[in-house]
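S.K.:
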Amino acid sequence: MTDRHHLLVHGGTFAAVGDRGDISGYRGGSAPDGMFVQDARHLSRWQLTVDGAVPDTLTPVADGDTARCVLVPRGGRNEPPAYTLFREQAVGDASFVESLRVTSNRPVPTTVRLAVTADADFTDQFELRSDHRTYTKAGAVRSRKVLGHGVEFTYRRGEWRSVTTVTADPHPDAVEETGTGARRLVWTLELEPHGTAELVLRVMARPHGDKRALRVPRSPAALQERLLAREGRFMEGVAFPAGWPELSAACARGLADLAALQVPATGPDGEELRVPAAGAPWFLTLLGRDALLTSLFALPYRPRLAAATLPALAATQATDTGVSEVAQPGKIVHEVRHGELAHFGQVPYARYYGSVDATPLFLVLLGAYTEQTGDTSLARRLERHARAAVGWMLDHGGLTTRGYLVYRADQGGLANQNWKDSPGAICSAEGTRPGGPVTAAGAQGYAYDALRRTAWLARTVWQDVTYADLLEQAAGDLRDRFQRDFWMPEHSFPALALDGRGRHVDALASDAGHLLWSGLLDKEYGEQVGRRLLEPDFFSGWGVRTLAAGQPAYHPLSYHRGSVWPHDNALIALGLARYGLHDEARAIARGLVDAASATGHRLPEVLAGYGRDTHPEPVPYPHACVRESRSASAPLALLTAVGGA
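Numbered per the numbering used here, the sequence shown spans residues 8 to 652.
In structure tokens form, the structure reads like this:
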């Protein structure tokens with residue numbers, strides 16, 4: 008695949024198309040190729056040919072909610088194109104729609120043979136990842152059925168059944184076999200002198216178990232109008248800072264992305280909800296940690312995100328112990344998947360609980376939502392779930408037995424279960440990985456905040472003073488313990504983690520800033536940490552690096568060992584403001600806003616850690632999610648931290 012991918016996102020559906028608007032069925036690389044719904048590729052090939060040849064690109068697809076490009080037949084300087092093709096595409100809920108307009112450039116009648124080759128391989132997204140894993144799919148059968156107005160692709164495996172239907176207006180003159188399983192829809196167009204013909208092609212995906220009565224929008228323009236209306240409603244009423252237009256633009260872009268990244272979920276009573284997905288392309292689904300942080304950042308501006316996220320996570324809260332899912336009673340889910348491999352248990356992610364921090368963050372958001380909005384009804388409704396979450400922290404999480412929240416590597420899932428969840432992300436300054444159970448610093452801050460906020464709920468909403476006193480005591484003990492065990496006097500900085508023997512994992516890492524956000528450190532320690540994070544080895548000019556430069560473990564293009572994460576920096580900025588370090592908070596905000604301004608005001612999931620002094624433009628991280636909910640909401644957190652300053 009030589010051309011770039013362009014992502015079109017709408018709720019739980021996304022399509023990745025190339026510069027010409029084509030989908031090739033490519034099976035590797037940093038981004039999946041195709042149209043995906045609920046983790047399955049429902050359109051694996053979508054290729055336009057004109058008069059038997061691939062057209063040249065006059066204007067490639069540009070980034071946006073609608074893909075538009077201009078194509079011409081191949082020719083030379085002395086042979087001007089006989090016609091021009093204007094291609095426009097958009098995605099809707101489980102749908103993809105394309106308008107294809109062909110305009111003659113000749114003063115005489117012109118015949119054009121146009122064809123679109125389509126296929127649906129229904130590949131699970133996990134099969135397309137670059138980890139070289141293969142999955143047996145015994146009994147799987149793919150079939151194709153020609154319709155009068157298009158073609159239908161069907162996939163069956165046991166009780167699993169998925170369908171993709173391709174229709175066209177006007178109907179194709181023929182639907183041809185290709186010898187590969189794909190089908191070619193063909194039209195012969197007779198154009199008047201300088202005349203125009205237009206085709207509209209519609210793709211409807213029917214994932215397994217989806218019984219909704221959906222309709223494909225009539226055109227990309229109609230769908231674009233619908234998307235813009237949704238974005239407008241999502242931004243309505245938010246007061247952007249007039250004195251800082253670049254921050255205003257980043258907030259607006261982030262809210263527009265959040266509007267597109269809403270996916271369906273279900274609450275405890277079966278109610279239908281829409282919650283923020285983690286990001287496209289790989290994580291267009293509910294991830295507990297991501298949805299919670301996104302909702303926290305947006306809380307002062309869009310509290311309805313929290314009002315949906317909390318019951319959705321309560322509905323998936325673990326009630327039993329499951330080894331492969333890393334489930335324990337009271338634990339909040341890390342990841343929810345709806346694909347074929349999850350359905351058949353070939354990956355553990357149908358409901359996967361490999362997160363040490365989603366559970367305390369659930370409690371943090373519940374307390375913050377109640378305090379911010381004054382609405383106590385949700386806290387009353389979710390009291391049972393909140394108490395179960397506290398129970399998990401005290402029992403299975405390790406607060407009572409080990410004094411801290413602790414996790415162990417999961418061989419079938421994640422080795423690290425804090426926010427830095429890539430292999431090797433938790434390491435010493437030399438790069439060595441800790442042995443045994445891991446006690447990550449940031450998660451202890453979340454636990455401290457969770458205990459304090461839940462104590463407040465118990466005292467003011469649930470009227471349980473005894474429980475409130477118990478949680479406040481547990482929070483105070485955790486704070487005293489942490490500063491004794493994690494502080495590294497030789498660095499005046501907390502350790503990234505403790506290993507299984509309680510020894511410091513001594514990398515200097517950005518996680519220390521999360522301790523400011525949660526308020527775990529005493530004022531003196533907090534001020535030392537905050538100022539240290541703005542020194543040149545940490546602060547790249549675009550943001551705080553995940554790992555300070557100069558350590559052997561540092562790498563500017565590592566996922567978690569030296570890159571710059573917008574959401575990480577948003578938490579740090581909020582923490583700096585909490586400790587009165589407002590100049591430092593503004594420095595981080597300026598760096599992130601400048602990085603967003605260089606990329607159309609959109610913050611990616613992660614940036615490379617190269618310094619601004621030697622690289623005047625932010626260097627992208629090669630495998631970053633283009634649209635990511637935590638990054639989309641990060642400008643809102645910056646607005647909270649520094650206002651329009």
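Just so you know, even glycine gets a beta-carbon here, dropped at the ideal spot from N, CA and C.
Looking at the strands, I want to know which residues DSSP matches up with residue 63.
M.R.: 79
S.K.: What did DSSP end up calling residue 588 once you bin it into helix, strand or coil?
M.R.: coil
S.K.: Is it a yes or a no for the segment 140 to 154 touching the segment 237 to 255, going by three-plus beta-carbon pairs under 8 Å?
M.R.: The segment 140 to 154, when compared against the segment 237 to 255, does not touch it at the 8 Å Cβ threshold.
S.K.: Can you tell me which of the three DSSP states residue 433 falls into?
M.R.: Coil, per DSSP.
S.K.: Using a Cβ-Cβ cut-off of 6 Å (strictly less than) and excluding sequence neighbours within five positions of residue 356, which residues of its own chain qualify?
M.R.: 342, 344, 349
S.K.: What's the gap between the Cα of residue 42 and the Cα of residue 51?
M.R.: 7 Å
S.K.: Quick one, which of 532, 466, 559, 451 has its alpha-carbon nearest residue 436's?
M.R.: 559
S.K.: So, for residue 205: in the same chain, excluding its five sequence neighbours on each side, which residues have a beta-carbon less than 8 Å away from its beta-carbon?
M.R.: 106, 107, 108, 109
S.K.: Do residue 211 and residue 196 have their CB atoms nearer than 8 Å?
M.R.: no
S.K.: Would residue 400 be called buried (16 or more neighbouring beta carbons within 10 Å of its own) or exposed?
M.R.: buried
S.K.: Taking just the CA atoms, how far does residue 14 sit from residue 22?
M.R.: 6 Å
S.K.: Check residue 38 in the structure and name its three-state DSSP category.
M.R.: coil
S.K.: So is residue 568 in contact with chain D if we call contact Cβ pairs under 8 Å?
M.R.: Absent from the structure is chain D; it holds one protein chain and no more.
S.K.: Run the CB neighbour count on residue 72, radius 10 Å, all protein chains shown included, and call it buried at 16 or more, exposed below.
M.R.: Around the Cβ of residue 72, a 10 Å sphere holds 16 or more other Cβ atoms; the residue is buried.
S.K.: I'd like the ranges of any alpha helix (DSSP H) spanning at least 4 consecutive residues and lying wholly in the segment 452 to 537.
M.R.: 472 to 492, 519 to 525
S.K.: Relative to the C-alpha of residue 525, which candidate in 629, 12, 454 has its C-alpha closest?
M.R.: 454
S.K.: So residue 261 is in the alpha helix (DSSP H); what residue range does that whole segment cover?
M.R.: 252 to 267
S.K.: Less than 8 Å between the C-beta atoms of residue 523 and residue 512, yes or no?
M.R.: no
S.K.: Any idea if residue 219 is buried or exposed, counting beta-carbon neighbours within 10 angstroms, 16 or more meaning buried?
M.R.: Looking at its Cβ environment, which holds fewer than 16 other Cβ atoms inside 10 Å, residue 219 is exposed.
S.K.: Closer than 7 Å by C-beta to residue 529: which residues in its own chain qualify, once you throw out the five before and the five after it? Chain order, please.
M.R.: Counting only residues of its own chain and dropping the five nearest sequence neighbours on each side, residue 529 has a CB closer than 7 Å to the CB of 490.
S.K.: Give me whichever residues DSSP pairs with residue 30 in a beta bridge.
M.R.: Note: residue 30 sits in a beta bridge opposite 53.
S.K.: CA-CA distance, residue 11 and residue 26?
M.R.: 6 Å
S.K.: In or out: residue 640 buried (at least 16 other Cβ within 10 Å) or exposed?
M.R.: buried
S.K.: Take residue 646 and list the residues in its own chain whose beta-carbon comes closer than 7 Å to its own, dropping the five residues that flank it on each side.
M.R.: 248, 254, 258
S.K.: According to DSSP, simplified to helix, strand and coil, what is residue 203?
M.R.: strand
S.K.: How many angstroms separate the CA atom of residue 428 from the CA atom of residue 396?
M.R.: 21 Å
S.K.: Pick from 150, 63, 225: whose alpha carbon is nearest that of residue 190?
M.R.: 150
S.K.: What residues in its chain sit with their C-beta under 8 Å from that of residue 472, if we drop five residues either side in the sequence?
M.R.: Answer for residue 472: 465, 466, listed in chain order.
S.K.: Which first and last residues belong to the beta strand (DSSP E) in which residue 126 is found?
M.R.: 117 to 126
S.K.: So, using beta-carbon positions, are residue 68 and residue 24 closer together than 8 Å?
M.R.: yes
S.K.: In the DSSP assignment, find the unbroken alpha helix (DSSP H) run with residue 168 in it and report its ends.
M.R.: No alpha helix (DSSP H) contains residue 168, which is instead part of the beta strand (DSSP E) from 167 to 176.
S.K.: What ranges does the alpha helix (DSSP H) occupy inside the segment 588 to 632, keeping only unbroken runs of at least 4 residues that lie completely in it?
M.R.: 589 to 604
S.K.: Within the continuous beta strand (DSSP E) that includes residue 20, where are the two ends?
M.R.: Residues 20 to 24.
S.K.: Check the C-beta distance from residue 365 over to residue 420 and give it rounded, since I have them as a contact under 8 Å.
M.R.: Wrong, their Cβ atoms sit about 14 Å apart, outside the cutoff.
S.K.: For residue 266, which residues in the same chain have their Cβ closer than 6 Å to its Cβ, ignoring the five residues on either side in sequence?
M.R.: The answer, listed in chain order, is 237, 238, 241.
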